[in-house]
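**Student:**
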Amino acid sequence: MDRSSTNGVAIEFRDVSYVSPTGQEVLSGLNLEVLRGETFVLLGRSGSGKTTTLKLVNRLLSPSAGEVRVDGAATAGVDVIALRRSIGYVIQDVGLFPHFTVERNIGLVPRIEGWAEDRIRERVQELSQLVGLEPRLASRYPRQLSGGQRQRVGVARALAADPALLLMDEPFGSLDPLTRDELQREFLLLQQRLHKTVVFVTHDVGEALRLGSRVALMEAGRLVTVLAPQEFLRSGDPWVAAYVKAFKAGLDSAANRGTE
Amino acid sequence: MNIFQFMVQNHDQVLELTLEHLWLVGISTLLAVLIGIPLGVLIAHWPVLNKPVLASANIIQTIPSLALFGFLLPLPWLGERADRLAILALTLYALLPLIRNTYTGIRGVDPAVVEAGRGMGLTDRQLLFQVELPLAVSVILSGVRVAVVISVGLATIAAAIGAGGLGEFIFRGLAMVNNQLILAGAIPAAALALFADTSLGWLEKRLRPR
Chain G
403 MDRSSTNGVA IEFRDVSYVS PTGQEVLSGL NLEVLRGETF VLLGRSGSGK TTTLKLVNRL
463 LSPSAGEVRV DGAATAGVDV IALRRSIGYV IQDVGLFPHF TVERNIGLVP RIEGWAEDRI
523 RERVQELSQL VGLEPRLASR YPRQLSGGQR QRVGVARALA ADPALLLMDE PFGSLDPLTR
583 DELQREFLLL QQRLHKTVVF VTHDVGEALR LGSRVALMEA GRLVTVLAPQ EFLRSGDPWV
643 AAYVKAFKAG LDSAANRGTE
Chain V
258 MNIFQFMVQN HDQVLELTLE HLWLVGISTL LAVLIGIPLG VLIAHWPVLN KPVLASANII
318 QTIPSLALFG FLLPLPWLGE RADRLAILAL TLYALLPLIR NTYTGIRGVD PAVVEAGRGM
378 GLTDRQLLFQ VELPLAVSVI LSGVRVAVVI SVGLATIAAA IGAGGLGEFI FRGLAMVNNQ
438 LILAGAIPAA ALALFADTSL GWLEKRLRPR
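Those protein sequence lines, which keep their order, are chains G and V. First residue of the first sequence? That's 403 in the numbering used here, and the numbers climb one at a time after it. First residue of the second sequence? That's 258 in the numbering used here, and the numbers climb one at a time after it.
1. Using 8 Å for Cβ pairs, my map puts F452(V) next to L274(V). What's the rounded Cβ distance?
2. Between which residues of its own chain and S422(G) is the CB-CB distance below 7 Å, once the five residues before and five after are set aside?
3. Can you tell me whether H278(V) is buried or exposed, with buried defined as 16 or more other CB within 10 angstroms of its CB?
4. Strictly under 7 Å for the Cβ-Cβ distance: is L451(V) near chain G by that measure?
5. Rounding to the nearest angstrom, what Cα-Cα distance links T455(G) and G297(V) in this structure?
6. Taking the alpha carbon of Q270(V) as the point to measure from, which residue in P445(V), V405(V), A312(V) has its own alpha carbon closest?
7. Which residues of chain V have a Cβ atom closer than 8 Å to the Cβ of Y491(G), listed in chain order?
8. Report the neighbours of R486(G) on chain V: residues whose CB is nearer than 7 Å to its CB, in chain order.
9. Tell me which residues of the segment 285 to 315 of chain V have at least one Cβ-Cβ distance to chain G shorter than 8 Å, keeping chain order.
10. Roughly how many angstroms separate the alpha carbons of M264(V) and A441(V), rounded to a whole number?
11. Is K452(G) buried or exposed, if buried means 16 or more other CB atoms sit within 10 Å of its CB?
12. Could you check if M377(V) is buried or exposed, using at least 16 other CB atoms within 10 Å of its CB as the buried criterion?
13. 7 Å is my cut-off, CB to CB: does L462(G) come that close to chain V?
14. Shorter than 7 Å from the beta carbon of G497(G) to some beta carbon of chain V?
15. What are the boundary residues of the beta strand (DSSP E) that includes Y491(G)?
16. Tell me which residue opens and which closes the alpha helix (DSSP H) that T455(V) is part of.
17. Starting from the Cα of V418(G), find the closest Cα among A412(G), Q426(G), L432(G) and give me that residue.
18. Could you tell me the distance, in whole angstroms, from the CA atom of Q357(G) to the CA atom of A393(V)?
19. Would the beta-carbon of G293(V) fall within 7 Å of that of L355(V)?
20. Is it the case that the segment 609 to 617 of chain G contacts the segment 631 to 648 of chain G, given that we only count it when at least three CB pairs across the two stretches are under 8 Å?
21. Determine the chain V residues that contact L510(G) at a beta-carbon separation under 7 Å, and present them in chain order.
22. Closest to Q594(G) by CA distance: which of T441(G), W641(G), R447(G), A484(G) is it?
23. Out of L353(V), W334(V), Q266(V), L272(V), point me to the one whose CA is closest to S408(V)'s CA.
24. Express the C-alpha separation of R616(G) and L445(G) in angstroms, rounding to a whole number.
25. Could you list which residues in chain G have their beta carbon closer than 9 Å to that of L392(V), in chain order?
26. Considering only residues of the same chain and omitting the five flanking positions on each side of I397(V), which have a CB-CB separation below 7 Å?
27. Let me know the secondary structure DSSP gives D571(G) once reduced to three states.
28. Which ranges does the alpha helix (DSSP H) cover as unbroken runs of at least 4 residues, wholly within the segment 593 to 630 of chain G, from first to last along the chain?
29. Looking at C-beta atoms only, is the number of pairs between the segment 555 to 567 of chain G and the segment 483 to 500 of chain G that lie closer than 8 Å three or more?
30. Could you name the residues of chain V that I413(G) contacts, counting a contact when the two beta carbons are closer than 9 Å?
31. With a CB to CB cut of under 8 Å and the five nearest residues on each side skipped, what residues in its chain are close to G430(V)?
32. Return the first residue and the last residue of the beta strand (DSSP E) that D417(G) is part of.
33. In whole angstroms, what is the alpha-carbon distance linking A416(V) and G424(V)?
34. On the criterion of 16 or more Cβ atoms from any shown chain inside 10 Å, does S448(G) qualify as buried, or is it exposed?
35. So with CB distances below 7 Å, who are the chain A contacts of V396(V)?
36. Sort A644(G), G439(G), L458(G) by Cα distance to S430(G) and report the nearest one.
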């Protein structure tokens, strides 16, 4: 993706800290900027604070200190419902409503926003096509779908009201490698067309390097560094090097075993 | 004369008492639903209230029914008519299964689903009516079912304070040492309970989220 064609800051974290209700400091002194139209990947281990960072954007959590700004406005000062409806949200277990059909799941936000029924139907069809869902699946329930199909519905649902900003929390984390590969490829194609601002959480280095315009590495509630994927492999930072090493270990090991 | 001949011969009275019985159970269940479900929703979202509310409902449940009818007698307005008293007592007994099942049902909704809904900008109200209650409905209905079955049985005791219902036959039969009279009250009451249990059970299965 070409970042120079888009400018401006979509999301900004200023000295953000978050202390959990149990008193544990999850994030401390976080400063970062997400540019409009880029795919900003938050990479880190479980417990590193990447999901917390994501939830601070749509105010599922509120910062204990500091400020989160979306489109220049501090999230603390805006109507939280309007804020969330203007941001697409995809999570790992998808969180599809089990009692809604695929069609109703995708049309959820347009419906609560009061769109006319024909317009919702049109939009659902358009989105199903966009994410590669067969029309015959529209009347199915989530449990009748495969993991990959559910994930597509999750993405379609997040895109329904055409938000400029998309938050994705390990959306492909529970998929098998081949389905994941397919969805990652489609994500890239989709992103070429839509140019959404995406914040993408993952612990998978390969996924981060493949999808990200920039990769932010987090460790123990702090931002280690933000790098473009090509810089990532060359970085001298010990944390980054550790990730790269872990990523390569499997391939190297297989290569070194030779043939019997 | 066997029991069935007796019931056929006195079908007017059997029918009248059965309808009275249904009225007591129906109204009290309706009231318990109107009070218990909102209370269950409340404690599911405000865990602080959870213990006091459930404990109170539990305590009510442990009061012997005859004693409860007695305790309620001095109440103004309610004490004037036995059926009002009976309905109040039955409502109180039906509260526990309703509150508890509503609470359990809502707490049992997958947190990922609720979080996704919240993240997409559903208001608390929309979350409750479009997500939590629909997903909890079969658990709540099973609470209604338990409440109704308990009420059908308990309502027979309401005859002791003159509230009518099928208990009339039973108490009369006890006083006259007449088993036939007892059965004339007990059989329709048992049938009512079975009918309520199966039909609500069927509904519960139909509404279970797929």
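From the three backbone atoms N, C-alpha and C, an ideal C-beta is built for every residue, glycine too. Note that the coordinates shown come from a computational prediction; the quantities given were computed from them, not determined experimentally.
**Tutor:** The short version:
1. Incorrect: roughly 16 Å between the Cβ atoms, too far for contact.
2. Counting only Cβ-Cβ distances below 7 Å, and skipping sequence neighbours, we find V428.
3. Buried.
4. So no, L451(V) is outside the interface.
5. Cα atoms of T455(G) and G297(V): separation of roughly 33 Å, rounded to the nearest angstrom.
6. Per the Cα distances, P445(V).
7. Residues of chain V with a Cβ closer than 8 Å to the Cβ of Y491(G) are, in chain order, A373, G376, M377.
8. Against chain V, a Cβ distance below 7 Å from R486(G) picks out G376, M377, G378.
9. If the cut-off is 8 Å between Cβ atoms, the segment 285 to 315 of chain V has nothing near chain G.
10. Cα to Cα, M264(V) sits roughly 6 Å from A441(V).
11. With 16 or more other Cβ atoms within 10 Å, it is buried.
12. Counting other Cβ atoms within 10 Å of its Cβ, M377(V) reaches 16 or more and is therefore classed as buried.
13. Answer yes: the Cβ-Cβ gap between L462(G) and chain V drops below 7 Å somewhere.
14. Closer than 7 Å to some Cβ of chain V, the Cβ of G497(G) qualifies, so yes.
15. DSSP places Y491(G) inside the beta strand (DSSP E), whose first and last residues are 489 to 493.
16. The continuous alpha helix (DSSP H) containing T455(V) extends over residues 436 to 464.
17. Minimum Cα distance to V418(G) is reached at L432(G).
18. Residue 357(G) lies beyond the residue range present for chain G, which begins at 403 and ends at 662; the question has no answer from this structure.
19. Yes, the pair counts as a contact, with Cβ atoms nearer than the cut-off.
20. They touch, by the three-pair rule.
21. Those are M377, listed as they occur along chain V.
22. Answer by Cα proximity: T441(G).
23. Nearest to S408(V) by alpha-carbon distance, out of L353(V), W334(V), Q266(V), L272(V), is L353(V).
24. One C-alpha to the other measures close to 10 Å.
25. Neighbourhood of L392(V) in chain G, by CB distance below 9 Å: F499, P500, H501, in chain order.
26. For I397(V), where only same-chain residues beyond five positions count, the Cβ hits under 7 Å are I294, N358, T359, G362.
27. Of the three classes helix, strand and coil, the one that applies to D571(G) here is strand, per DSSP.
28. Within the segment 593 to 630 of chain G, complete alpha helix (DSSP H) segments of at least 4 residues are found at 607 to 613, given in chain order.
29. Output reads yes: the segment 483 to 500 of chain G touches the segment 555 to 567 of chain G.
30. One finds nothing in chain V with a Cβ atom closer than 9 Å to the Cβ of I413(G); even the nearest lies about 15 Å away.
31. Hits under 8 Å: N436, Q437, L438, I439, L440, A441, G442.
32. Taken as a continuous stretch (DSSP letters only), the beta strand (DSSP E) holding D417(G) covers 411 to 421.
33. A416(V) and G424(V) have their C-alpha atoms spaced approximately 5 Å apart.
34. Around the beta carbon of S448(G), fewer than 16 other beta carbons lie within 10 angstroms, which makes this residue exposed.
35. Although the question refers to chain A, the structure presented lacks it and instead comprises the protein chains G and V.
36. Comparing Cα positions, the closest option is L458(G).
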